[in-house]
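Taking it in order: structure first as structure tokens, then the write-up.
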Amino acid sequence: MDHWPFRNLVLRTPRLELRPDDDEGLVELADVTLDGIHPPDWMPFGVEWTDAPRDKLGINTFQHYWRVRASLTPERWTLNFLVRLDGRVIGTQGLGADDFPILREVTSGSWLGLRYQGQGIGTEMRAAVLMFAFDHLGAVAARSSAFNDNAASHGVSRRLGYRPDGTFRQVRRGVAAEQTRLVVTPETFRRPDWALTVNGVTPCLPLLTGREPTD
Ligand SMILES: CC(C)(COP(=O)(O)OP(=O)(O)OC[C@H]1O[C@@H](n2cnc3c(N)ncnc32)[C@H](O)[C@@H]1OP(=O)(O)O)[C@@H](O)C(=O)NCCC(=O)NCCS
């Protein structure tokens, strides 16, 4: 009996390895947060977690990822994949769902340490979780959103075939800002020219989809 099969789940792309978060990896991820994720005068996140004092970023990282990991059910889950390049954690790619057994839709969110941005890595890791969701979980849509001034996030979405799906406003650092919702389906997904390798998914499926594997 594998009590926590996510320990053995791994997605591999040409450059990257993505595994659900574990405590060893979170030590490295917390270090990446200290090196910076965005310029200090700009906020890409709807939850302004990077504005916490520097000496709190590490413990906040642990406690947030533990809470998310601990509350996973088929009705509401997020897998926070740690993204490794040459064996080192460089960022995270989240994939989540509410009521997946009925809706079959996923959402995603991600970030990379500043020094790893702008090299196509964000596109590669989002493509990985889209292929995982569409080809292994049977998702019928993947949703995302980003502030309108987040060119890199919108760049990733555009490249992978997402379409705009409305807007919403929210307060960012005390000022109104607009986000655009985005959606991609298996039909509109612009697949990369490489194949994703997935290991260890079968025992994870009932925990994410609510169904036993069919084969
Ligand atoms: C968003 C993020 C994950 C994207 O990853 P990335 O590796 O930097 O992006 P990529 O290099 O794959 O670029 C994707 C596309 O956006 C474009 N792009 C990237 N950075 C850009 C910038 N600063 N301005 C304009 N376009 C940009 C690229 O040219 C590319 O488009 P193309 O494929 O048509 O050439 C990363 O930039 C990041 O962590 N940003 C800070 C945190 C964040 O914004 N998270 C998302 C919150 S919604």
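With the working numbering, letter number 197 in the sequence shown gets 1400, and the count goes up by one each step, no holes.
Every residue gets a Cβ at the ideal spot worked out from N, C-alpha and C, and that includes glycine.
Check your understanding: If we call anything under 8 Å between Cβ atoms a contact, is F1350 one with P1247?
Key -> yes
Practice item. In the DSSP assignment, find the beta strand (DSSP E) that holds S1311 and state where it starts and stops. Key: 1308–1315
Check your understanding: To which residues of the same chain is G1341 closer than 8 Å at the C-beta, ignoring the five residues directly before and after it?
Key -> R1307, T1412
Practice item. Would you mind reading off the limits of the beta strand (DSSP E) that contains D1301? Key: 1291–1301
Practice item. Can you have a look at M1204 and say buried or exposed, based on whether 16 or more other CB atoms are within 10 angstroms of its CB? Key: exposed
Check your understanding: Out of curiosity, what's the CA-to-CA distance linking V1286 and L1229?
Key -> 11 Å
Point to revise | Cα-Cα separation between G1369 and D1302, rounded to whole angstroms | key: 22 Å
Point to revise | Simplified DSSP assignment, three categories, for G1369 | key: strand
Review point. If you run the structure through DSSP and keep just helix, strand and coil, what is E1381?
Key: strand
Point to revise | Length-filtered (4 minimum) alpha helix (DSSP H) runs lying within the stretch 1220–1288 | key: 1226–1237, 1257–1273
Practice item. Have a look at T1405 and W1207 and give me their C-alpha separation to the nearest angstrom. Key: 12 Å
Exercise for review: Please classify T1391: does DSSP put it in a helix, a strand, or coil?
Suggested key: coil
Review point. Does any heavy atom of ligand 1 sit closer than 7 Å to the C-beta of L1408?
Key: no
Exercise for review: Whole angstroms is fine: what's the gap from G1321's alpha carbon to A1354's?
Suggested key: 11 Å
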